[in-house]
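Engineer:
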Amino acid sequence: MLSRLSGLANTVLQELSGDGGDAVPESESSLTVEAPELGAGSMEEAPEDVLERLAHTEKLVVQLKDLIREKDALLQQKETALKEEREAADAKLMKLKLQAKAKLASLNKRIEELTEKGPPLPAWAVPGEQVSAESGRAGLLERC
Numbered sequence: 103m104l105s106r107l108s109g110l111a112n113t114v115l116q117e118l119s120g121d122g123g124d125a126v127p128e129s130e131s132s133l134t135v136e137a138p139e140l141g142a143g144s145m146e147e148a149p150e151d152v153l154e155r156l157a158h159t160e161k162l163v164v165q166l167k168d169l170i171r172e173k174d175a176l177l178q179q180k181e182t183a184l185k186e187e188r189e190a191a192d193a194k195l196m197k198l199k200l201q202a203k204a205k206l207a208s209l210n211k212r213i214e215e216l217t218e219k220g221p222p223l224p225a226w227a228v229p230g231e232q233v234s235a236e237s238g239r240a241g242l243l244e245r246c
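Per our numbering, the sequence shown starts with residue 103, numbered consecutively.
This is the structure:
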């Protein structure tokens, strides 16, 4: 179990340091170098060193998990804010569409009323020019 944890710790350390996957794990190389050189005293120190590295790696993992939680919370806040902004923009757009539809309906009603009254020349028409219902409608729409 300890060897799996130390292997995991070494993998995390390699990934954090940016070393490639082809490199020999640091703890394995240091154990193989220290054991023949120092003798029996190094056997006790090497596991302590590995345990110290494991504790440090576990601490880094905890920090990474905390950082991920913070980033997730921040991302969720931003998504909520964007959702609220979108809903507000959609509501505003719907309001503008309804206003435009109401204005168009009132203009059409006004055009119908004017066409029912008869063909008097509007004040904006050029004298001598014949005004049809369609050109009057277009003129009213252009002015508004």
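C-beta: ideal position from N, C-alpha, C; glycine also.
1. What did DSSP end up calling G220 once you bin it into helix, strand or coil?
2. If we count the other Cβ atoms within 10 Å of its Cβ and call it buried at 16 or more, is T113 buried or exposed?
3. Using 10 angstroms around the beta-carbon of T182, count the other beta-carbons present and answer buried if the total reaches 16, otherwise exposed.
4. Within this structure, are the beta carbons of S108 and V152 separated by less than 7 Å?
5. Report the start-end ranges of each alpha helix (DSSP H) in the segment 152-186 that is 4 residues or longer and not cut off at the edges.
6. Go ahead and label A111 buried or exposed: buried means 16 or more other beta carbons lie within 10 angstroms of its beta carbon, across all protein chains shown.
7. Using the C-alpha atoms, what's the distance from K211 back to Q179?
8. Return the CA-CA distance between E214 and L177, expressed in angstroms with no decimal places.
9. Roughly how many whole angstroms lie between the Cα atoms of E172 and L166?
Structural biologist: Once the coordinates are examined:
1. Against the sequence shown, residue 220 aligns to sequence position 118. If DSSP states are grouped into helix, strand and coil, G220 belongs with coil.
2. For this step, residue 113 is matched to residue 11 along the sequence shown. Answer is exposed; the Cβ neighbour count stays below 16.
3. As a working note, residue 182 is residue 80 in the sequence shown. Under this definition T182 is an exposed residue.
4. Walking along the sequence shown from the start, residue 108 turns up at place 6. Walking along the sequence shown from the start, residue 152 turns up at place 50. In contact: S108 and V152 (Cβ atoms closer than 7 Å).
5. Look at the segment 152-186 and you find no whole run of alpha helix (DSSP H) that is 4 residues long or longer.
6. Here residue 111 corresponds to residue number 9 of the sequence shown, with the count starting at 1. Burial of A111 is indicated by the presence of at least 16 other C-beta atoms within 10 angstroms of its C-beta.
7. Against the sequence shown, residue 179 aligns to sequence position 77. Against the sequence shown, residue 211 aligns to sequence position 109. Separation of Q179 and K211 (C-alpha to C-alpha, rounded to the nearest whole angstrom) is 48 Å.
8. Here residue 214 corresponds to residue number 112 of the sequence shown, with the count starting at 1. Here residue 177 corresponds to residue number 75 of the sequence shown, with the count starting at 1. Taking the CA atoms as reference points, E214 sits about 55 Å from L177.
9. By 1-based counting over the sequence shown, the position of residue 172 is 70. By 1-based counting over the sequence shown, the position of residue 166 is 64. So the two alpha carbons sit approximately 10 Å from each other.
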